[in-house]
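Report on the structure given below.
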Amino acid sequence: MSGAKTGKASLWPMLIRRVGSALLTLLLVSMVIFAIAGLLPGDAAQEALGQSATPEQVAALRHEMGLDQPAPVRYAHWLSGMVRGDAGQSLVAGMPVGAIIAERLPNTLMLAGMTAVLAVPLALVMGITAAIRRGTWIDRAINLASLSMVALPEFLVATVGVLIFSVKLMWLPSIAMVSAEASWSDTLRSCALPILSLTVVVVAQMARMTRAAIADQLDRPYVEMARLKGASLSRVVLGHVLPNCLGPIVNAMALSLSYLMGGAIIVETIFNFPGLASLMVNAVTSRDMPLLQACAMIFCSAYLLLMLVADMVALLANPRLRAQ
Amino acid sequence: MKRSISLLVGALTRAPLATRVAAGFVGFWLVLAVGGPWVAPHPVGAFVDQDVFSGLSARLWLGSDYLGRDVFSRLLYGARYTVFLGLGAALLAACCGTALALWATLSGGAIDEVISRLMDTLISIPSKILALVLVAACGSSLPLLLLICALTYVPGNFRIARALAMNLAALDFVAAARARGERKFAIALHEVLPNMVHPLLADLGLRFVFVVLLLSGLSFLGLGVQPPYADLGSLVRENISGLTEGAPAILAPALAIAVLTVGTNLLIDALKPEDKR
Amino acid sequence: MMDFSRRAMMLGGLSAGLIGMPAMGASLPKRGGSIRVATQSVSTADTLDPAKGALSTDYVRHYMLYSGLTRIGHDLLAHLSLAERLESADRITWHVALRRGVHFHHGGELTSADVVFSLLRHKDPKLGSKMASIAGQFVDVRADGRYGVTIRLSGPNADLPAMLAQSHFLIVRHGADRPDGNGTGPFRLADFKPGIRTVVVRNPDYWVPGRPYLDRIELIAIPDEVSRVNALLAGDVQLVNAVAPHSTRRVEASPTHAIATAPSALYSNLITRMDRLPSGNPDFIAALKHLIDRPLVKRALFRGYATIGNDQPIPPFHPYYNPAIPQTALDLDRAKWHVQRGGLQNVRLPIFCGPAVEGSVDMASVLQEYGARVGLDLAITRVPSDGYWSTHWMRHPLSFGSTNPRPTADLIFSLFYKSDAAWNETGWKNPRFDQLLLAARGETNEANRKAMYGEMQQIVHDRCGSIIPVFISLIDGHDRRLQGLNPLPMGGLMGYQFAEHVWWAA
């Protein structure tokens, strides 16, 4: 709240403060990741050499990878590289982490972006309609529909989608084939099922929070006042209520959307989508610390950015917060 | 406790039919979760059928699974894990998240900053990957599963509760309470919390659904309840190859999850005053 | 000695071209076509370096790009490939004569320098070769003129030709410290993205005339089995490996797809540590062996795509299999008797299993179920694939292991059953077994050799705590238009070598 007290004169101090706390969060995340990854059995050298490793091989590879140094030294080394903008060298792939990420980040952003483009308007329409028609059969139908959407495990939704649209009807590819030379329409076609599956996963939470937030405001006196003045309910909702409860709604949306980055692991697995979540799982299993850290940093930054946007919107939309 | 029960009963008797049906479903699952294993016709791991993915029959009410085990018995055992893990984790997450949110909002300043940063840290590590690491490091156990599920949803609840609380804290009546010199705890309990309950209840219902689904997601990644036991999501996962033949082994647990989660949410919706007309 | 010369002659006599016999009912080979193939394993550690190959996708990629000195045929024997002759008088010093006029993709003829480099690099611990321990047998590898190589071993080993057929010993270009796909194989590298895909195109200068048939192959990996089969049935890929037994019905139900299956020596075994208690108690081991309903495992877990095992690693179709060993079967009374004699009532022990070992969770379920009936409380502890091999495998009194087919009986016994082997899973020590193993390597009489391997199987069956319920068959699925696929017991996808043998009949 201290930031909000600066008043509406300028958002800049608030922004600067947010960037500062974002950097702090990133630092915290990297420390947590480093610490819990240290709990994992084995290290990159052992995992790379597999079952057949001889002790000499493990020792040689460990030295090569710099794993024979104590953990704090390795962390400091990674951190100093990161500050200079160098994510380091992948321990197992033998190429810069930046190059591996560059291969997959656009895919993940594309998947998340397309899903958001589909899911956010859908959720808003569902939530607002349900709120305006509160208590009617439309409300119930939307409620039941959104609940049923989340009521099934993600992998089941995706698998049923594949069985119907790929195996039975053969309309859409069963795996996402994303490559540089594929045309936009091909990419879109092969990502249609992953996008639909993810939409089903995230839309319900957003729609329900939208409805709950609006419905919560509908009993307030100002709504009644506006209604008494002759305004229609939909106008009141869109003109007065929505700006007032935009904070929680945008917050819920941002949270759901942040899931699209790191949480897409199951959809990535089922559709063989070359995204960041499966890369991060891979980094865990191969104990590739620099790669793991890079993925964690990206997920964290994406989340922080979404939250920043959400908070800015909330701040701009709610005059009370701004003026305090 | 007594009050809340009477509230529940009161709400139910006045509720429309659909709500009572929903309550019936939820009650049914609670009873199953508690008593299921006693009525299960077969042990959870027994191989009772030569055939796999067999259909409904008088002997095996819901057919057999991918190994020829009794689906009905496994479902009864599975309900226990899903209901109690889901309920436990969702409640734990909601309590922790909301408490932290109130504390952060009303304290403001450094405390708010520290709590918020910690929550950001927790939430920005993808939950399934966190689970993967923790299970690989500590070994799979029920308390760990509960903890992972709760940890995953604390920050989400915190964000929503904090946004709600911040909106409320900016309102006049909280400012008035502050001016009256009431203590933070009292303000939180009497002024802020009651006004957050409805959206938070909706959130709790969805969190329960999410925990159930996270559990099934974890079982997809091989991190779920230890066999031969399985939660409902694991039952769906392990029988997924029966999907094309429409085996009851997969349809029954999938339906069970749907009934359980939809029922829970309808019930929670019904307890909200806004729907009482 | 007589027998050896027969073997040497056979090695020299068979040409590589005869190995890929067309499968029954197939049309004549035909040029052209492009396919996409999906295997089950993928990682950012995907490599172009044969020495580092760790997963099925790696093996397939390496066999597409490189050729080896020898290769394993459908008779499970080694045949010549880049080597034109491979001979030895004493099985210690081996002479290789290279095929002439073979060229690398980037130009340059294959010479002895390339072979010497390719074999010796395994001995560098910094490389991290998967064959480092086996390459330890190479005392000396040196060029003998432009097309000759002499390999001197630390001791006699009749199985060198079979060992050299493994993908790790494929030949790379001299001086290629980090091989980049430049080999003498049937395909040339067009695109390689670790963890995502590999694209290869036909090598028009391949040294086997007329081969390969396909113009282009895209190799991807779909780790999730259900997705892999769906991709096949949806027509997004034309060939997959590791189809689960439960999915075969789906593939066979499709008029445009088929299953290609081969019994193999692949097994998932329950390991009882013999250097601990109670798992080292002979009565405990005997009880467990009688608690396994092998036909149930074969039927329910593998839907018949398995060969019943008898707690020793040599499968019935192996030339050295000993059929005289009586089959152990489910016998609850006998198990109960052992439990009582060993004083093992109410013993509680966790079994460590997980998705890392195929079928292990379900086999553990079977054991737990029957164990409960004779008073053994076996708790299933399922652990994630991640870290399984480094933290759980062989580390607990009861855990599951998984062993891939190896080209020779000697390799499997040496790697997993010899007292001082790094992977002596059960930690057993049997001097008679060790003695037989060493003697068999140098034994020149084939009948004696077979008898020795037979006795080793008997010893493992009787004494060792490696419990092998079944051998798991390899199951590939393919589009019916893809022909020439003739499964090999050494691994899925024709021992990972399908690329140069198959053609597209569309």
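Protein chains in written order, with UniProt numbering: chain W, 1 to 324; chain X, 1 to 277; chain F, 1 to 506. Even glycine gets a Cβ: it sits at the ideal position worked out from N, Cα and C.
ask   = By the 10 Å Cβ neighbour count, where 16 or more other Cβ atoms means buried, how is asparagine 143/W classified, buried or exposed?
value = buried
query = Apart from the five residues on each side of it in sequence, which residues of its chain come closer than 6 Å, Cβ to Cβ, to serine 88/F?
reply = Trp94
task = Apply the 10 Å Cβ neighbour rule to cysteine 191/W and answer buried if 16 or more other Cβ atoms are within range, or exposed otherwise.
result = buried
task = Taking 8 Å as the cut-off, decide whether the C-beta atoms of leucine 40/W and arginine 287/W are in contact.
result = yes
query = In whole angstroms, what separates the C-alpha of glycine 25/F from that of isoleucine 259/F?
reply = Its pLDDT being 49, under 50, glycine 25/F is placed unreliably in this model, and the value from its coordinates should be taken loosely. The straight-line gap from Cα to Cα measures roughly 14 Å.
task = Report buried or exposed for threonine 426/F, applying the criterion of at least 16 other Cβ atoms within 10 angstroms of its Cβ.
result = buried
key: CB contact check: alanine 202/X to chain W, cutoff 8 Å   = yes
key: Alpha-carbon to alpha-carbon, leucine 171/X and leucine 238/W   = 21 Å
inquiry  = Taking only three categories from DSSP, how would you classify arginine 6/F?
reply    = Only weak support is given to the placement of arginine 6/F: the predicted model assigns it a pLDDT of 34, under 50, and the value that follows is read from those uncertain coordinates. Helix, per DSSP.
task = Spell out whether any CB of chain X is found under 8 Å from the CB atom of arginine 84/W.
result = no
key: Collapsed DSSP secondary structure at threonine 19/X in the structure displayed   = helix
query = Can you pull the DSSP bridge partners for glutamate 87/F?
reply = His95/F
ask   = Closer than 9 Å, Cβ to any Cβ of chain W: which residues of the segment 113-137 of chain X, in chain order?
value = Glu113, Ser116, Arg117, Leu118, Asp120, Thr121, Leu122, Ile123, Ser124, Ile125, Pro126, Ser127, Lys128, Ile129, Leu130, Leu132, Val133, Leu134, Ala136 and Ala137
request  = Give a yes or no on whether the minimum CB-CB distance between phenylalanine 231/X and chain W is below 8 Å.
outcome  = Sequence inspection shows aspartate at residue 231/X; the phenylalanine mentioned does not correspond to that position. Chain W, which has no Cβ nearer than 8 Å to the Cβ of aspartate 231/X, makes this no.
key: Chain-ordered neighbours of glutamine 57/W on chain F, where CB pairs are closer than 7 Å   = Pro125, Gly128 and Ala132
ask   = Exposed or buried, which one is glutamate 56/W when buried takes at least 16 other CB atoms within 10 Å?
value = exposed
message = Could you compute how far the alpha carbon of phenylalanine 43/X sits from the alpha carbon of serine 73/X?
response = In the sequence under discussion, the amino acid at residue 43/X is proline, which differs from the phenylalanine named in the question. Cα-Cα distance, rounded: 7 Å.
task = List the residues of chain X whose Cβ lies closer than 9 Å to the Cβ of glutamate 154/W, in chain order.
result = Leu213, Ser216, Gly217 and Phe220
query = Counting along the chain, where does the beta strand (DSSP E) carrying isoleucine 351/F start and finish?
reply = 347-353
task = Check each candidate in Asp219/W, Asp186/W, Asp139/W and Val97/W and name the one with the smallest Cα separation from isoleucine 298/W.
result = Val97/W
ask   = Whole-angstrom Cβ separation of proline 194/F and threonine 39/F, contact assumed at under 8 Å?
value = With a Cβ gap of about 14 Å, proline 194/F and threonine 39/F do not count as contacting.
ask   = Shorter than 8 Å from the beta carbon of isoleucine 193/F to some beta carbon of chain W?
value = According to the sequence shown, residue 193/F is lysine rather than isoleucine. By this cut-off, lysine 193/F is an interface position.
request  = Would you identify the three-state DSSP class for lysine 168/W, choosing helix, strand or coil?
outcome  = helix
message = Less than 7 Å separating the Cβ of isoleucine 134/F from some heavy atom of the ligand HEM?
response = Judged by which ligands are present, the structure shown has none, so any question about the ligand HEM falls away.
is_contact[glycine 88/X, chain F] using C-beta, thresh 8 Å = no
ask   = Using DSSP with H/G/I as helix, E/B as strand and the rest coil, what is lysine 30/F?
value = coil
query = Comparing the C-beta of methionine 1/W with each C-beta of chain X, is any distance below 8 Å?
reply = Confidence at methionine 1/W is low in this model, with a pLDDT of 39, below 50, so the placement of that residue should be treated as unreliable; the coordinate-derived value is given next. For methionine 1/W, the answer is yes, since a Cβ of chain X falls inside 8 Å of its Cβ.
Boundaries of the alpha helix (DSSP H) in which glycine 38/W is found, first to last residue = 12-39
message = Looking at chain F, is there any beta carbon in it that lies within less than 8 Å of the beta carbon of proline 96/W?
response = no
request  = Could you spell out the range, first to last residue, of the alpha helix (DSSP H) harbouring histidine 62/F?
outcome  = 56-65
inquiry  = Any C-beta of chain W within less than 7 Å: which residues of the segment 384-395 of chain F qualify?
reply    = Asp386, Gly387, Trp389, Ser390 and Thr391
inquiry  = Quick check: the Cα distance between leucine 87/X and alanine 226/W, rounded to an integer number of angstroms?
reply    = 41 Å
query = Below 8 Å between beta carbons: does that hold for leucine 164/F and glycine 68/F?
reply = yes
inquiry  = Let's test the definition: count the other Cβ atoms within 10 Å of the Cβ of valine 117/W and tell me whether it reaches 16, buried, or not, exposed.
reply    = exposed
query = Are leucine 292/W and alanine 37/W close, meaning C-beta to C-beta below 8 Å?
reply = yes
message = What are the residues in the segment 270-286 of chain W lying within 9 Å of chain F by C-beta distance?
response = Ile270, Phe271, Asn272, Pro274, Ser278, Leu279, Val281, Asn282, Ala283, Val284, Thr285 and Ser286
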